[in-house]
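S.K.: The following block contains the structure, expressed as structure tokens.
Numbering (this note's numbering), first residue to last: 2 to 269.
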């Protein structure tokens, strides 16, 4: 990543963060929490997540070239990882809810929607950097339906490649719509939204997107036990999501509350 590329990531990530924070702000009011607590948390969560994202990249970099602390913290030397940010955010939320005496699973459910919004918008940073692409497109049908501006940006060495950033964004958008609808159904309760998010994101990223990606993103080179860390961590999130649904429903929260869509409530 060069300096200009980091700027593009910042633009899209901050945009996604702002939209996610707006939704979370409304949710805090809906569940009876002081919205100011959200901003207290963000002041710590955002920088810590960036640090966690960078540390994840450095730890699993198969070809480390970090001669000093400056090299380690220099995000232009390598990159960042969304998985590291998500893991760090979970750890922070656990301690934050204990300190502020908030219910962990309620906040986790609020963040599930925010995570998806941030990931949907943040992926366009990959587009601007012409990275996170898949193999060359051989299907004339795909070439015909993709917008020209995407094909131009995903043209590498004269060949148009699959825009996997777009596929992941569309997958996450479908997941966002699903969660917003699910919140209105009587059979979904507290804790379910985060479990569903982990299942949806983990499955899409680990089983669909990552196997299709061929390069262009520094994070694609990260390895764990000889396998792509993004695949391993994504499928781990998928399994944790399933466990969360089972454990929370039957062992953690006895009197779970139902959800309603906040946008509908705003118009009542």
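The beta-carbon is built from N, C-alpha and C at its ideal position, and this holds for glycine as well.
Let me know the secondary structure DSSP gives residue 67 once reduced to three states.
M.R.: Of the three classes helix, strand and coil, the one that applies to residue 67 here is coil, per DSSP.
S.K.: On the criterion of 16 or more Cβ atoms from any shown chain inside 10 Å, does residue 139 qualify as buried, or is it exposed?
M.R.: Exposed.
S.K.: How many angstroms separate the CA atom of residue 177 from the CA atom of residue 153?
M.R.: Taking the straight line from one Cα to the other gives about 28 angstroms.
S.K.: Please report the straight-line C-alpha distance between residue 234 and residue 196, rounded to a whole angstrom.
M.R.: The alpha-carbon atoms of residue 234 and residue 196 are separated by roughly 15 angstroms.
S.K.: Curious, which full-length alpha helix (DSSP H) runs of at least 4 residues does the stretch 129-197 contain?
M.R.: 141-146, 149-154 and 165-183, all fully within the stretch 129-197.
S.K.: Here's a check: name, in chain order, each residue in its chain whose Cβ is nearer than 7 angstroms to the Cβ of residue 129, leaving out the five neighbours to either side.
M.R.: Within the same chain, residue 129 has close Cβ partners 9.
S.K.: If the criterion is Cβ atoms closer than 7 angstroms, does the pair residue 170 and residue 92 meet it?
M.R.: Contact: no.
S.K.: With distances taken from CA atoms, which of 40, 33 and 30 is nearest residue 18?
M.R.: The shortest Cα separation from residue 18 among 40, 33 and 30 belongs to 40.
S.K.: If you drop the 5 nearest sequence neighbours on each side, which residues of the same chain put their C-beta closer than 6 angstroms to that of residue 175?
M.R.: Excluding sequence neighbours, residue 175 sits near nothing in its chain.
S.K.: Could you name the residues of the same chain whose beta carbon sits closer than 6 angstroms to that of residue 5, not counting the 5 residues immediately before and after it, in chain order?
M.R.: Model confidence at residue 5 stands at a pLDDT of 45, short of 50, so the residue's coordinates are unreliable and nothing is read from them.
S.K.: Which one of 239, 244 and 12 has the shortest CA to CA distance from residue 125?
M.R.: Comparing Cα-Cα distances from residue 125 to each of 239, 244 and 12, the minimum goes to 12.
S.K.: Report yes if the C-beta distance between residue 114 and residue 248 is below 7 angstroms; otherwise report no.
M.R.: Contact: no.
S.K.: Report the three-state DSSP secondary structure of residue 103 (helix, strand or coil).
M.R.: It is coil, neither helix nor strand.
S.K.: Which term fits residue 143, buried or exposed, when burial requires 16 or more other beta carbons within 10 angstroms of its beta carbon?
M.R.: Exposed, since its Cβ has fewer than 16 Cβ neighbours within 10 Å.
S.K.: Can you give me the Cβ contacts of residue 168 inside the same chain, cut-off strictly under 7 angstroms, excluding the 5 residues immediately before and after it?
M.R.: So the qualifying residues of the chain are 210.
S.K.: Identify the continuous alpha helix (DSSP H) that holds residue 46 and give its terminal residues.
M.R.: Where residue 46 is concerned, the enclosing alpha helix (DSSP H) stretches over 37-61.
S.K.: Measure the Cβ-Cβ separation of residue 191 and residue 106 and say whether it is below 7 angstroms.
M.R.: Yes, these two residues count as a Cβ contact at 7 angstroms.
S.K.: Are there three or more Cβ pairs, one per stretch, closer than 8 angstroms when the stretch 147-164 is compared with the stretch 51-60?
M.R.: Contact fails: fewer than three Cβ-Cβ distances are below 8 angstroms.
S.K.: Rounded to whole angstroms, what's the CA-CA distance from residue 206 to residue 116? Just pull it up for me.
M.R.: About 14 angstroms.
S.K.: Measuring CA to CA, which of 163, 133 and 135 is closest to residue 146?
M.R.: It is 163.
S.K.: Kindly list the residues whose CB is nearer than 8 angstroms to the CB of residue 74, restricted to its own chain and excluding five residues on each side of it in sequence; keep chain order.
M.R.: The answer, listed in chain order, is 55.
S.K.: Out of 90, 85, 149 and 35, point me to the one whose CA is closest to residue 1's CA.
M.R.: What the structure shows of the chain is the stretch from 2 to 269, and residue 1 is not part of that stretch, so it cannot be assessed.
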